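J.: Residue numbers (my numbering): 7 to 195.
Ideal placement from N, C-alpha and C gives every residue a C-beta, glycine not left out.
These figures come from a predicted structure and were not determined experimentally.
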């Protein structure tokens, strides 16, 4: 089920850097403990680059810091120092938006998930974070109970747990393995 996109405006503390982003009113934000995010206490949600736009002359006030692999582009305001957005290593085709820098009134819910940036590769593989910068809005989030009863609109799909893997079965296919990462009480497909 795709979430309806709304326009969020935001920026830095001194308002020299302003931007507009299209994202759902309810977002998943990532609390990362890599050396940079930890020091900045940055918790961010990720959007495709095509849904982000710097406004006015904001680019004149943006500076960029990189380190390590230099894939992440940590941007900040030259005037006040706030990182209101940046290009994350996990999603170089997207933009990470610091949710506390979104102007009040458009975000209705923020679900904070942990990203173990100090063990970046393992966390990247297990969280499904890479999917958040993709324009495909068909990500399916399924709440499951201990017995794996699936609460979906169609009765034709069953979830099967063979102790090593989780499969979806329907009347048209045999067992269909899926990339699944468990996040708190959610399975992300």
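Given this structure, state the Cα-to-Cα distance separating residue 11 from residue 53, to the nearest angstrom.
T.: Locating residue 11 in the chain shown gives position 5, counting from the first residue. Locating residue 53 in the chain shown gives position 47, counting from the first residue. Residue 11 and residue 53: Cα-Cα distance of roughly 11 angstroms.
J.: For residue 61, which of helix, strand or coil comes out of DSSP?
T.: Within the chain shown, the letter at position 55 stands for residue 61. It is coil, neither helix nor strand.
J.: Using three-state DSSP, classify residue 113 as helix, strand or coil.
T.: Sequence index remark: in the chain shown, residue 113 carries index 107 (1-based). Residue state, collapsed to three classes: coil.
J.: Compare the Cα-Cα distances from residue 19 to each of 82, 95, 97, 119 and report the closest residue.
T.: If you number the chain shown from 1, residue 19 lands on position 13. Among 82, 95, 97, 119, the Cα nearest to that of residue 19 is on 82.
J.: Apart from the five residues just before and just after residue 30, which ones in its own chain have a Cβ nearer than 8 angstroms to its Cβ?
T.: For the purposes of this step, residue 30 is identified with residue 24 of the chain shown, where counting begins at 1. Here the set comprises 9, 10, 11, 12.
J.: Hey, how far is the Cα of residue 17 from the Cα of residue 57?
T.: Taking the chain shown and counting its residues from 1, one reaches residue 17 at position 11. Taking the chain shown and counting its residues from 1, one reaches residue 57 at position 51. Approximately 15 angstroms, taken between the alpha carbons.
J.: Identify the residues that DSSP records as bridge partners of residue 100: which are they?
T.: As a first step, residue 100 is located in the chain shown; it is residue number 94 there, counting from the start. Paired residues: 54.
J.: Is residue 25 closer than 9 angstroms to residue 91 when the C-beta atoms are compared?
T.: Here residue 91 is taken as the residue at index 85 of the chain shown, counted from 1. Here residue 25 is taken as the residue at index 19 of the chain shown, counted from 1. Yes, Cβ-Cβ distance for residue 91 and residue 25 is below 9 angstroms.
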